[in-house]
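Visitor: Sharing a structure with you now.
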Amino acid sequence: MPQPDDSSVSYPRLVIWLLTARCNLECCHCYAARFLGGKELSKGEALRVVESAAKAGVKHIGFSGGEVFLRQDALDVIGRAFGLGMSTSVVTNGTVLSEEIAQRLADYGTRTFLSIDGARAETHERIRGKGTWDAAVLAAEKLRKYKVKVSTIMAASKLNYEEASDYLSLARKLGAKAGCLIPMMPAGRATAELILNAEEMVTLLQEIDKAANELEFPASLWCTPFAKLVVKSRYVFADYCRSSVEEMDVDPEGNVLLCDVLDIVVGNVREKEVLQAWREQEKNTLVNSLINPKLPPPCLDCPLSQQCRGGLFCSGSIDGRRYLCPRPIVPSCSRFNLRNQA
13 MPQPDDSSVS YPRLVIWLLT ARCNLECCHC YAARFLGGKE LSKGEALRVV ESAAKAGVKH
73 IGFSGGEVFL RQDALDVIGR AFGLGMSTSV VTNGTVLSEE IAQRLADYGT RTFLSIDGAR
133 AETHERIRGK GTWDAAVLAA EKLRKYKVKV STIMAASKLN YEEASDYLSL ARKLGAKAGC
193 LIPMMPAGRA TAELILNAEE MVTLLQEIDK AANELEFPAS LWCTPFAKLV VKSRYVFADY
253 CRSSVEEMDV DPEGNVLLCD VLDIVVGNVR EKEVLQAWRE QEKNTLVNSL INPKLPPPCL
313 DCPLSQQCRG GLFCSGSIDG RRYLCPRPIV PSCSRFNLRN QA
């Protein structure tokens, strides 16, 4: 299928797609719960979006939820993406992951992120519910059996951030390729009293930095571009925000969102081709104002300003809250480690 081959041509490299909001759990931090009750894309519509994404030049589709595998056609959608030459990933809580699912994920080369929210059963089950710990551990065993490339993913909050070091040890024990973390954000069921503050975020980053180095085990930090101001270990990788720059975020109904934690619609792929929706996203005045924000101090002179853009996409709001940024509270953040810019 023809794709743009000119690097100067703008097109979405990555699609993050909440394939469903449905879930068999009721996690206290779930950001997708706000989509419950909506009209999901049908199988036919979902397959059309995949084909449209391939035509647009999309290289990777990351499927999330809800619990993706509650959709009976989820593997057909993932398989179609694979067949069209795109790489895929999926986030799952593991509770409904069967041998057949594991085998097909292996067949499609799908990178799998297994949700484990703590280093101990009681912590994980406080967040996800009784019985979910054993189910997640069993899912890890199935994925390992079929040689699926799997990483764990933890939503960091006040309930579990103190277990960060042990969480990395657990991820390695389960055969994961990396232990991933993402800060809980104020969306869906997440409440303010569970969300980390800047001091707690720094503690988390320092513990992860130390543990990853000692274990010689990779840690991947999602939606934390500011982490590069703190972490030094070559085993820690901090992601920057790609929203509206090279990423398209799609909700279960096919709406294109400014960011998947923000209920701001900038397009739709149910009714339009992916590339057309991308062009509309590019022209959106709000998108452009956030891609090139007018930043106040201390963001203005921060060497990460072009990657973080003031944390506007990482805060669950567009009002400029930068509650996780370590710069105002850690003096050493002014001595930026240039090696970590790569």
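Heads up, the sequence shown is in our numbering, so the first residue is 13 and it goes up one at a time. No residue lacks a Cβ here, since even glycine has one placed at the ideal position from N, Cα and C.
Measure from the alpha carbon of residue 231 to the alpha carbon of each residue in 241, 58, 246, then state which is nearest.
Guide: The count along the sequence shown starts at 1 and reaches residue 231 at position 219. Nearest option by C-alpha distance: 246.
Visitor: Less than 9 angstroms between the C-beta atoms of residue 212 and residue 173, yes or no?
Guide: Taking the sequence shown and counting its residues from 1, one reaches residue 212 at position 200. Taking the sequence shown and counting its residues from 1, one reaches residue 173 at position 161. Yes, the pair counts as a contact, with Cβ atoms nearer than the cut-off.
Visitor: Terminal residues of the continuous alpha helix (DSSP H) containing residue 145?
Guide: Start at 1 with the first residue of the sequence shown, and residue 145 comes out as number 133. Where residue 145 is concerned, the enclosing alpha helix (DSSP H) stretches over 144 to 157.
Visitor: Just to confirm my understanding: we take residue 57, look at its own chain, exclude 5 residues before and 5 after, and list those with CB closer than 8 angstroms. What are they?
Guide: One-based indexing of the sequence shown puts residue 57 at position 45. Counting only Cβ-Cβ distances below 8 angstroms, and skipping sequence neighbours, we find 266, 282.
Visitor: Less than 7 angstroms between C-beta atoms, sequence neighbours within five positions excluded: which residues of the same chain meet that for residue 257?
Guide: The residue labelled residue 257 in the question sits at position 245 within the sequence shown. Excluding positions up to five away in sequence, the list reads 303.
Visitor: May I ask you to report which of helix, strand or coil DSSP gives residue 41?
Guide: Against the sequence shown, residue 41 aligns to sequence position 29. Here residue 41 sits in coil by DSSP.
Visitor: Let me check one thing: in DSSP terms, what residues is residue 248 bridge-paired to?
Guide: Translated into positions along the sequence shown, residue 248 becomes position 236. Looking at the DSSP assignment, residue 248 forms a beta bridge with 231.
Visitor: Going straight from the alpha carbon of residue 143 to that of residue 36, what length do you get?
Guide: The count along the sequence shown starts at 1 and reaches residue 143 at position 131. The count along the sequence shown starts at 1 and reaches residue 36 at position 24. So the two alpha carbons sit approximately 12 angstroms from each other.
Visitor: Three-state secondary structure (DSSP) at residue 187?
Guide: In the sequence shown, the residue the question calls residue 187 occupies position 175. DSSP places residue 187 in coil when its eight states are reduced to three.
Visitor: Report whether the distance from the Cβ of residue 64 to the nearest heavy atom of the ligand MG is below 8 angstroms.
Guide: Looking for the ligand MG in the displayed structure turns up nothing, as the structure carries no ligands at all.
Visitor: Kindly confirm or deny that the segment 54 to 74 and the segment 109 to 116 touch, where touching means at least three C-beta pairs closer than 8 angstroms.
Guide: Segments in contact, no.
Visitor: Could you pull out every residue in the same chain whose Cβ sits closer than 7 angstroms to the Cβ of residue 331, ignoring the five residues on either side in sequence?
Guide: On the sequence shown, position 319 is the one that residue 331 refers to. In this predicted model, residue 331 has a pLDDT of only 49, less than 50, meaning its place in the structure is not dependable; the value taken from the coordinates is given anyway. Excluding residues within five positions, none has a Cβ falling inside 7 angstroms.
Visitor: Quick check on residue 84: buried or exposed, where buried means 16 or more other Cβ atoms within 10 Å of its Cβ?
Guide: Taking the first residue of the sequence shown as position 1, residue 84 is located at position 72. By the neighbour-count rule (16 or more Cβ atoms within 10 Å), residue 84 is not buried but exposed.
Visitor: Could you spell out where the beta strand (DSSP E) holding residue 99 opens and where it closes?
Guide: As a position in the sequence shown, residue 99 is number 87, starting the count at 1. Looking at the DSSP string, the run of the beta strand (DSSP E) that includes residue 99 is 99 to 104.
Visitor: Is it true that the CB of residue 186 sits closer than 9 angstroms to the CB of residue 117?
Guide: Translated into the one-based positions of the sequence shown, residue 117 becomes position 105. Translated into the one-based positions of the sequence shown, residue 186 becomes position 174. No.
Visitor: Using a Cβ-Cβ cut-off of 7 angstroms (strictly less than) and excluding sequence neighbours within five positions of residue 239, which residues of its own chain qualify?
Guide: Residue mapping note: residue 239 aligns to position 227 of the sequence shown, counting from 1. 217, 233, 250.
Visitor: Hey, quick one: how far does the alpha helix (DSSP H) through residue 113 stretch, first residue to last?
Guide: If you number the sequence shown from 1, residue 113 lands on position 101. Its alpha helix (DSSP H) spans residues 111 to 120.
Visitor: To the nearest angstrom, how far is the alpha carbon of residue 120 from that of residue 154?
Guide: Translated into positions along the sequence shown, residue 120 becomes position 108. Translated into positions along the sequence shown, residue 154 becomes position 142. So the two alpha carbons sit approximately 16 angstroms from each other.
Visitor: Taking Cβ positions, are residue 287 and residue 23 nearer each other than 9 angstroms?
Guide: In the sequence shown, the residue the question calls residue 287 occupies position 275. In the sequence shown, the residue the question calls residue 23 occupies position 11. The answer is yes: Cβ separation under 9 angstroms.
Visitor: Select from 319, 78, 152 the residue whose C-alpha is nearest the C-alpha of residue 235.
Guide: Along the sequence shown, read from residue 1 onward, the residue named residue 235 stands at position 223. With distances taken between Cα atoms, residue 235 lies closest to 319.
Visitor: What residues match up with residue 192 in a beta bridge as DSSP calls it?
Guide: Locating residue 192 in the sequence shown gives position 180, where the first residue counts as 1. Its beta-bridge partners are 165, 232.
Visitor: Just the Cα atoms here: how many angstroms apart are residue 168 and residue 139?
Guide: Taking the sequence shown and counting its residues from 1, the one referred to as residue 168 is at position 156. Taking the sequence shown and counting its residues from 1, the one referred to as residue 139 is at position 127. Approximately 11 angstroms between the Cα atoms of the pair.
Visitor: For my contact list, residue 77 and residue 33 are in at a C-beta cut-off of 8 angstroms; report their separation, rounded to the angstrom.
Guide: Here residue 77 refers to the residue found at position 65 when the sequence shown is read from its first residue. Here residue 33 refers to the residue found at position 21 when the sequence shown is read from its first residue. Residue 77 to residue 33, Cβ: 7 angstroms. Contact.
Visitor: Residue 326 by DSSP, collapsed to three states: which one?
Guide: Here residue 326 refers to the residue found at position 314 of the sequence shown. Here residue 326 scores only 48 on pLDDT, less than 50, and its place in the model is too uncertain to base an answer on.
Visitor: To which residues of the same chain is residue 145 closer than 7 angstroms at the C-beta, ignoring the five residues directly before and after it?
Guide: Reading the sequence shown from its first residue, position 133 is the one you call residue 145. The answer, listed in chain order, is 133, 136, 137.
Visitor: Between which two residues does the beta strand (DSSP E) containing residue 123 stretch?
Guide: Numbered from its first residue, the sequence shown carries residue 123 at position 111. Element bounds for residue 123: 123 to 127.
Visitor: Assign residue 297 to buried or exposed, taking buried as 16 or more other Cβ atoms, counted over all protein chains shown, within 10 Å of its Cβ.
Guide: Residue mapping note: residue 297 aligns to position 285 of the sequence shown, counting from 1. So residue 297 counts as exposed.
Visitor: With residue 100 and residue 79 assumed to form a contact (beta carbons below 8 angstroms), what rounded beta-carbon distance in angstroms separates them?
Guide: Your numbering for residue 100 matches position 88 in the sequence shown. Your numbering for residue 79 matches position 67 in the sequence shown. Wrong, their Cβ atoms sit about 16 angstroms apart, outside the cutoff.
Visitor: Are the CB atoms of residue 141 and residue 164 within a distance shorter than 9 angstroms?
Guide: The count along the sequence shown starts at 1 and reaches residue 164 at position 152. The count along the sequence shown starts at 1 and reaches residue 141 at position 129. Not a contact, by the Cβ cut-off of 9 angstroms.
Visitor: Answer yes or no: do residue 221 and residue 242 have a C-beta to C-beta separation smaller than 9 angstroms?
Guide: Translated into the one-based positions of the sequence shown, residue 221 becomes position 209. Translated into the one-based positions of the sequence shown, residue 242 becomes position 230. For residue 221 and residue 242, yes; Cβs fall inside 9 angstroms.
Visitor: Counting only the same chain and skipping the five closest in sequence on each side, list residues whose C-beta sits under 7 angstroms from that of residue 227.
Guide: As a first step, residue 227 must be located in the sequence shown, where it is residue number 215. Closer than 7 angstroms at Cβ, skipping near neighbours: 180, 181, 184.
Visitor: List the DSSP bridge partners of residue 136.
Guide: As a position in the sequence shown, residue 136 is number 124, starting the count at 1. According to DSSP, which records beta bridges pairwise, residue 136 is partnered with nothing at all.
Visitor: Below 8 angstroms on the Cβ atoms is my contact criterion, and I expect residue 26 with residue 75 to pass it. Report the Cβ-Cβ distance as a whole number of Å.
Guide: Locating residue 26 in the sequence shown gives position 14, counting from the first residue. Locating residue 75 in the sequence shown gives position 63, counting from the first residue. Actually they are not in contact, since the Cβ atoms of residue 26 and residue 75 sit about 12 angstroms apart, beyond 8 angstroms.
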